[in-house]
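**Student:**
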Amino acid sequence: MSYTKYKTAGIVIGGANIGEASRNYNIFTRDFGLIRVRAQGVRELKSKLKYNLQNLFLINLYLIKGKNGWHITEAYKIKNLPDSFRNNKIKLQSSTRVLLFLKRVLGEEDSNRELFDIITKGFDFMESGAHDDKSVSDLETLIVLRTLRSLGYVQDNHELEALLAGADYNSDMLSYTNNFRPLIVKEINQSIKASDL
16 MSYTKYKTAG IVIGGANIGE ASRNYNIFTR DFGLIRVRAQ GVRELKSKLK
66 YNLQNLFLIN LYLIKGKNGW HITEAYKIKN LPDSFRNNKI KLQSSTRVLL
116 FLKRVLGEED SNRELFDIIT KGFDFMESGA HDDKSVSDLE TLIVLRTLRS
166 LGYVQDNHEL EALLAGADYN SDMLSYTNNF RPLIVKEINQ SIKASDL
């Protein structure tokens, strides 16, 4: 039986060992949303896949979907977030919280390219543009707000309109986020409560 091979980008959000040598991964992908993927034999010494399937890695991956779900055939590292943030524990903790939040709020196989861009561009800006702990915290708050908006949980709010448009980030947005932090946190909390997330 022949299977179609798919290529997409994704971020590894964790996984669990299966059997003697395999592992299931949770990967937030650009084209398929959050998916659970099996990597056969990935824990064997000779496996080349394991080096590119680490937590918080942004990867290009090739998948097939069989009768028992998704399987990884190839994976190539684009960016290693732990390496990018190795000199800043706050950035690493912040990016981890964002991804765990994503895992909590996303349904499986619900494609959302806009959200993928919100997350990846947010992490790019965290690496290059968020230079102190306050700006990292503001960026994390903005990413969560945009995530909830992309999923339809945040309603229109004229005071926050400038922050909610698009997936790009800049220093002015972080200043705006800091100035409106109480309103933004209230909006986030109300959205989470109203949607039973």
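The numbering of the sequence shown is my numbering, which starts it at 16 and goes up by one.
Positions of the beta carbon are idealized from the N, C-alpha and C atoms, including for glycine.
The structure displayed is predicted, hence computed values, not measured ones.
1) Taking the alpha-carbon positions, what's the Leu154 to Val57 distance?
2) Distance, Cα to Cα, Val200 vs Phe138?
3) Hey, is the stretch 22-35 in contact with the stretch 68-75, meaning 3+ C-beta pairs nearer than 8 Å?
4) Return helix, strand or coil for Arg112, following the three-state DSSP convention.
5) So the beta strand (DSSP E) Arg38 belongs to, where does it begin and stop?
6) Nearest by alpha-carbon distance to Ser190: which of Asp183, Thr162, Leu160, Ser150 is it?
7) So, for Leu157: in the same chain, excluding its five sequence neighbours on each side, which residues have a beta-carbon less than 8 Å away from its beta-carbon?
8) In whole angstroms, what separates the C-alpha of Lys104 from that of Leu160?
9) In whole angstroms, what separates the C-alpha of Ser109 from that of Lys80?
10) If you measure between the beta carbons of Asp132 and Ala182, is that distance less than 8 Å?
11) What is the rounded straight-line gap between the Cα of Ile51 and the Cα of Lys63?
12) Examine chain D for any beta-carbon lying closer than 8 Å to the beta-carbon of Thr88, and answer yes or no.
13) Taking the C-alpha atoms as reference points, what is the distance between Pro97 and Phe72?
14) In whole angstroms, what is the alpha-carbon distance linking Glu142 and Arg128?
**Tutor:** For this structure:
1) Stepping through the sequence shown from its first residue, residue 154 is reached at position 139. Stepping through the sequence shown from its first residue, residue 57 is reached at position 42. Approximately 34 Å between the Cα atoms of the pair.
2) As a working note, residue 200 is residue 185 in the sequence shown. As a working note, residue 138 is residue 123 in the sequence shown. Roughly 20 Å between the two C-alpha positions.
3) Output reads yes: the stretch 68-75 touches the stretch 22-35.
4) Within the sequence shown, the letter at position 97 stands for residue 112. In the structure shown, Arg112 sits in a helix (DSSP, three-state: H, G or I).
5) Numbered from its first residue, the sequence shown carries residue 38 at position 23. It spans 37-44 - the beta strand (DSSP E) in which Arg38 sits, taken as one unbroken run.
6) To locate residue 190, count along the sequence shown from 1; it is residue 175. By alpha-carbon distance to Ser190, the top candidate from Asp183, Thr162, Leu160, Ser150 is Ser150.
7) One-based indexing of the sequence shown puts residue 157 at position 142. For Leu157, where only same-chain residues beyond five positions count, the Cβ hits under 8 Å are Gly137, Leu178, Tyr184, Met188, Leu189, Thr192, Ile199.
8) In the sequence shown, the residue the question calls residue 104 occupies position 89. In the sequence shown, the residue the question calls residue 160 occupies position 145. If I take the Cα positions, the gap works out to 22 Å.
9) The residue labelled residue 109 in the question sits at position 94 within the sequence shown. The residue labelled residue 80 in the question sits at position 65 within the sequence shown. Rounded to whole angstroms, Ser109 to Lys80 spans 32 Å at the Cα level.
10) For the purposes of this step, residue 132 is taken as the residue at position 117 of the sequence shown. For the purposes of this step, residue 182 is taken as the residue at position 167 of the sequence shown. Yes, the Cβ-Cβ distance between Asp132 and Ala182 is below 8 Å.
11) The residue labelled residue 51 in the question sits at position 36 within the sequence shown. The residue labelled residue 63 in the question sits at position 48 within the sequence shown. Reading the sequence as shown, one finds Arg at residue 51 and not Ile. Looking at the two C-alpha atoms, the distance is approximately 20 Å.
12) No chain D appears in this structure, which consists of one protein chain only.
13) As a working mapping, residue 97 is identified with position 82 in the sequence shown. As a working mapping, residue 72 is identified with position 57 in the sequence shown. Those two C-alpha atoms are separated by around 8 Å.
14) The residue you call residue 142 lines up with position 127 of the sequence shown. The residue you call residue 128 lines up with position 113 of the sequence shown. If I take the Cα positions, the gap works out to 21 Å.
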